[in-house]
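Asks: Take the sequence shown: its position 219, counted from the start at 1, is 438 in the numbering used here, and no numbers get skipped.
Glycine included, each C-beta is placed from N, C-alpha and C at the ideal position.
All values reported here derive from a predicted model rather than from experimental measurement.
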Amino acid sequence: MQIGYVCTNFNNSAVTEQAVKTLRANKGHDVHAVIVDNASSAEEAEKLRQLEGPGVTTICLAENLGYFRGLNVGIRHLREIRPDVEWMVVGNNDLEFPEDFVGSLERLAEELRIHPVISPDIVTGDGEHQNPHVISHISKMREVFYDLYYSNYHIGMFVQMAAKKLRRISDRSDELEWQTARHIYQGHGSVYLLGPRFFELFEELWAPTFMMSEEYFLSKQLSDVGEKIYYDPRLTIRHLWHASLDQLPSKRRWEMARDAHREYRKYVKIIG
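1) In three-state terms, what does DSSP make of Tyr368?
2) Taking the continuous beta strand (DSSP E) assigned at Met492, which residues delimit it?
3) With distance defined between alpha-carbon atoms, name the residue in His402, Tyr286, Val275 nearest to Leu297.
4) So for Asp313, helix, strand or coil by DSSP?
5) Secondary structure at Leu284, three-state DSSP: helix, strand or coil?
6) Quick one: is Ser450 buried, meaning 16 or more other Cβ sit within 10 Å of its Cβ, or exposed?
7) If you draw a straight line from the C-alpha of Val308 to the C-alpha of Lys240, how long is it?
8) Rounded to a whole number of angstroms, what is the C-alpha to C-alpha distance between Tyr404 and Glu434?
9) Hey, quick one: how far does the alpha helix (DSSP H) through Leu331 stretch, first residue to last?
10) Just to confirm, is the Cβ distance from Val250 to Ile222 under 8 Å?
11) Report yes or no: do three or more beta-carbon pairs, one from the stretch 260 to 268 and one from the stretch 334 to 345, lie closer than 8 Å?
Quick look at the structure:
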């Protein structure tokens, strides 16, 4: 099976190397990885270039474009050099793929090709399932807390601290239904599978923000043409959990999320 992998890298090339290595360990398949480096340090960019070779392309940007915008650079490039690739894994670099991942997708491909975007079962290092991220909707109460969290950095940190202490109230239970395949409202933003149906409808991902809230923007991109994300637990990927975000100070992460939330709020209103 021909399959592409497009990911972004920011100052953690060793993590990226591991992701590419585990996917290419799927023997008997034609895997082509395109790594988009978002203006890492010269040392990290050089480490990345050393991965270049048959089946691995690196693109080192002079400017950090962010997550989906960076992915779009890789998606466009991969489609140009490998028009035969119908399926792409797109997302983070902090992923590990089981040795039968591509084989599982190949067996399911005819069944799943009617869906533009597939969200796999994403499992963290401590065994937590991150999908289905949001099955049907986000409650009005949670939306109010989002607005409170993003109103001010210090208020946000207080809300975050309170949420950690009140997990039974603050946590959603959607991920507990990880064994059930279905259409969902949002899939976890760390990784998606784009199938041939996606490229019948779109050239690339809708990317109105630098980073954050990608789950919503992808779900809206699909819903605008009458489509939904499909979650399938038969495809599993391990997630090492936001390795690129660990390179940023907490306040900068909050500011990026706040900016994305402001864009999100243009489309999702609490009242009306």
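Replies: So, to answer that:
1) helix
2) In the structure displayed, the chain extends from 220 to 491; residue 492 sits before or after that span and is not available.
3) Val275
4) coil
5) Reduced to three states, the DSSP call for Leu284 is coil.
6) It should be noted that the sequence gives Tyr, not Ser, for residue 450. Tyr450 comes out buried.
7) 14 Å
8) Each residue's alpha carbon lies about 9 Å from the other.
9) 320 to 331
10) yes
11) By the Cβ test, the stretch 260 to 268 is not in contact with the stretch 334 to 345, since fewer than three Cβ pairs between them sit closer than 8 Å.
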